[in-house]
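Just so it is clear: in the sequence shown, position 249 is 585 by this note's numbering, and no numbers are missing. No residue lacks a Cβ here, since even glycine has one placed at the ideal position from N, Cα and C. A short write-up of the structure that comes next.
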Amino acid sequence: TLSVSAVNGVTGSVGQAITGSNGGTFTLNADGSYSFNPGTAFDRLAAGQTDKTQISYTVSDGQGGTATSTLTVTVTGTNDAPVITGTATGSVTEDSNVNTSGNLTASGALTATDADNGQSGFVPGSANAAAGTLGTLAITAGGNWSYSVANSAVQYLKAGETKVENFTVSTLDGTTKTIAVTIVGTNELPETLDVSVTGREDPSSLIAVNLAGTDVDGNIGSFEISSLGANGTFYRDAAGTQALTPGASISASSNGAT
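Rendered as structure tokens:
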């Protein structure tokens, strides 16, 4: 009766876990049955790539006759998803750190570690932007990304209001990662409109003055008198009983006051 008497030239190795010539673990039993565990030795193989590993074994007929042969296993690689680490978020603030091109910018770096040979990296170029994004994002093969948005494009944001912009980048094996950049709005200074009125010089006749302005962040709450001319008196009320002085505040309604 034939039986396996030795593995890799060692009698005591029959039925024991033996490392193959190129990795992986063989267990060859005396009756010729065997099992093989590739472990992590072949994670380096890209999808479809192959490699071989083997052991030698000796067969005995029990009558002193022996023969040696080789057991070879071919391992075919599959895709191993990369591990992506690093900074995948950023933020910019309206009207803050605007560069010479009038843009707000943010940057960061990602690392893609892939057990598959030649797959550790990113597809360089412009990232895929979600619908409605205002800015753009680009990434290098090494994972360094940069974001840019025109400061003029985010002026509509109110103080503390935010807008999140999502971009998708891809590793060399096609795995995707989302980078999210938050735009933070700030308070915009309101603008007053020039007002010109005419009326009679009769002291008993008051001239109505309609103040007006705009504020992209909302409604104007009040107007403040910064200075007054040398002639005439400015009143808070139509009856002319509440004279105003520089520094006085006039409550506004619907971005105006009279």
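Item, Value
"According to DSSP, residues forming a beta bridge with Gln390", "Thr408"
"Option in Pro418, Ala566, Gly345, Thr436 with minimal Cα separation from Ala486", "Thr436"
"Nearest neighbour of Gly521, chosen from Leu381, Ala417, Val500, Asp452 [CA to CA]", "Val500"
"At least 3 beta-carbon pairs within less than 8 angstroms: the stretch 422–430 vs the stretch 364–380", "no"
"Nonlocal neighbours in the same chain, by C-beta distance under 8 angstroms from Phe458, ignoring five residues either side", "Leu446, Ala448, Ile475, Thr476, Ala477, Gly478, Gly479, Val505, Ser506, Thr507, Leu508"
"Member of Ser392, Ala417, Asp530 whose CA lies at the smallest distance from the CA of Leu407", "Ser392"
"Limits of the beta strand (DSSP E) - the one that Gly444 falls within", "439–449"
"Delimiting residues of the beta strand (DSSP E) encompassing Ala516", "512–520"
"Contact check, Phe362 vs Val340, beta carbons under 9 angstroms", "no"
"Residue closest to Ala489, alpha-carbon to alpha-carbon, out of Ala465, Asn502, Ala467, Ile519", "Ile519"
"Beta-carbon proximity of Leu381 to Thr414, cut-off 9 angstroms", "yes"
"As assigned by DSSP and simplified to three states, the class of Asn502", "strand"
"Neighbourhood of Glu430 by C-beta, 8 angstroms cutoff - its chain only, sequence neighbours within 5 removed", "Leu440, Asn487, Val490, Gln491, Leu493, Ile519, Val520, Gly521, Thr522"
"Simplified DSSP assignment, three categories, for Thr423", "coil"
"Cβ neighbours of Ala417 in the same chain (closer than 6 angstroms, five flanking residues each side left out)", "Thr511"
"Buried or exposed by the 16-neighbour rule on C-beta atoms within 10 Å, applied to Val346", "exposed"
"Distance, Asp397 Cα to Gly359 Cα", "30 angstroms"
"Element boundaries [beta strand (DSSP E), containing Ala342]", "339–343"
"Extent of the continuous beta strand (DSSP E) run through Ala353", "353–355"
"CA nearest to the CA of Thr528, picked from Thr514, Thr534, Leu547, Val517", "Leu547"
"Supposed close pair Ser427, Val531 - CB separation, criterion 8 angstroms", "Not confirmed; about 40 angstroms, so no contact."
"8 angstroms contact criterion, which Val409 and Phe372 should meet: CB distance rounded", "5 angstroms"
"Collapsed DSSP secondary structure at Gly457 in the structure displayed", "coil"
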